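Colleague: Residue numbers (my numbering): 53 to 142.
#1: Using the DSSP secondary-structure output, state which residues sit across from residue 138 in a beta bridge.
#2: With burial defined as no fewer than 16 other Cβ atoms inside 10 Å of the residue's Cβ, what is the status of residue 92: buried or exposed?
#3: Let me make sure I understand the geometry here. Which of 76, 97, 115 and 65 has the alpha-carbon closest to that of residue 133?
#4: Nearest chain C C-beta to residue 70 closer than 8 Å, yes or no?
#5: Cutting at 7 Å between CB atoms, please list the residues of its own chain near residue 110, excluding the five before and the five after it.
#6: Excluding the five sequence neighbours on either side, which residues of its own chain have a C-beta within less than 6 Å of the C-beta of residue 83, listed in chain order?
#7: Around the Cβ of residue 85, are there at least 16 other Cβ atoms within 10 angstroms (buried) or fewer (exposed)?
#8: Leaving aside the five residues before and after residue 88 along the sequence, list all residues of the same chain whose C-beta is less than 8 Å from its C-beta, in chain order.
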């Protein structure tokens, strides 16, 4: 089971999102938990990105929200970098 490591940039964006939409807090925490337990659960819609973000992957939090992370296979950790709406994070 991979470890989840939250970057400071992610933590700042998370606080900003939750301040505007408090109902997202439990949803985001739930998706992070699912990412740690079952990263390819169909509800996450885990997918590889392309272009300048080709090393990264993204999961679906809800219709308007995506979470960007970098899997690091050597230490079995997912570094979570960004969260926000589709146009903001891509």
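Cβ coordinates follow ideal geometry from the N, Cα and C atoms, glycine included. Just so we're clear, the structure is a prediction, and the values are computed from it rather than from any experiment.
Modeller: In short, the structure shows the following:
#1: Taking the first residue of the chain shown as 1, we reach residue 138 at position 86. According to the DSSP secondary-structure assignment, residue 138 is paired through a beta bridge with no residue.
#2: What you label residue 92 is simply residue 40 of the chain shown in a count that begins at 1. Counting Cβ neighbours within 10 Å, residue 92 comes out exposed, since fewer than 16 surround it.
#3: Taking the first residue of the chain shown as 1, we reach residue 133 at position 81. For residue 133, the closest C-alpha among the options 76, 97, 115 and 65 is that of 65.
#4: Here there is only one protein chain, and chain C is not present.
#5: Residue 110 sits at position 58 when you count from the first residue of the chain shown. So the list reads 99, 101, 118, 119 and 120, once near-sequence residues are dropped.
#6: As a first step, residue 83 must be located in the chain shown, where it is residue number 31. Excluding positions up to five away in sequence, the list reads 113.
#7: Walking along the chain shown from the start, residue 85 turns up at place 33. Residue 85 is exposed by the Cβ-count criterion.
#8: Working through the chain shown from its first residue, we reach residue 88 at position 36. So the list reads 53, 54, 55, 56 and 130, once near-sequence residues are dropped.
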